[in-house]
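J.: Take a look at this one; I'll ask things after.
This is the structure in structure tokens:
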């Protein structure tokens, strides 16, 4: 996932979550988490179109941690977001 690598590099070099969230493949989601999609990923024309997936992450500046919360596709998006929101709430409560 080159987009995850890019997101992480921006976080490391800038120490700025907002700068990382400005990347074109990042979408805001509830609770301060973001979804990283495959925009810009290379497509192998012989294998057909990639099924779009999103990786849900949550970054904190305080302890400089990038939490990988989950991954899913459009079919599971609503449930994925709810599951990841619960994980973010646990992180925010320190559990």
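Residue numbers (this note's numbering): -16 to 78. Cβ coordinates follow ideal geometry from the N, Cα and C atoms, glycine included.
Touching or not, the segment -7 to 9 and the segment 34 to 49, by the rule of three or more beta carbon pairs under 8 Å?
T.: Touching, per the Cβ criterion.
J.: Taking the alpha-carbon of residue 71 as reference, which of 60, 62 and 52 has the nearest alpha-carbon?
T.: Selected option, being the one with the closest Cα: 52.
J.: Is it the case that the Cβ atoms of residue 42 and residue 56 are separated by a distance below 8 Å?
T.: No, the pair does not count as a contact, with Cβ atoms beyond the cut-off.
J.: Name, in chain order, the residues that DSSP records as bridge partners for residue 55.
T.: Note: residue 55 sits in a beta bridge opposite 37.
J.: Taking the alpha carbon of residue -12 as the reference point, which residue from 69, 38 and 66 has its own alpha carbon closest?
T.: Nearest C-alpha to residue -12: 38.
J.: Using a 10 Å radius around the Cβ and a threshold of 16 neighbouring Cβ atoms, would you call residue 159 buried or exposed?
T.: The structure shown does not extend to residue 159, since the chain is modelled only from -16 through 78, so no value can be given for it.
J.: Just how far apart, CA to CA, sit residue 9 and residue 73?
T.: Roughly 23 Å between the two C-alpha positions.
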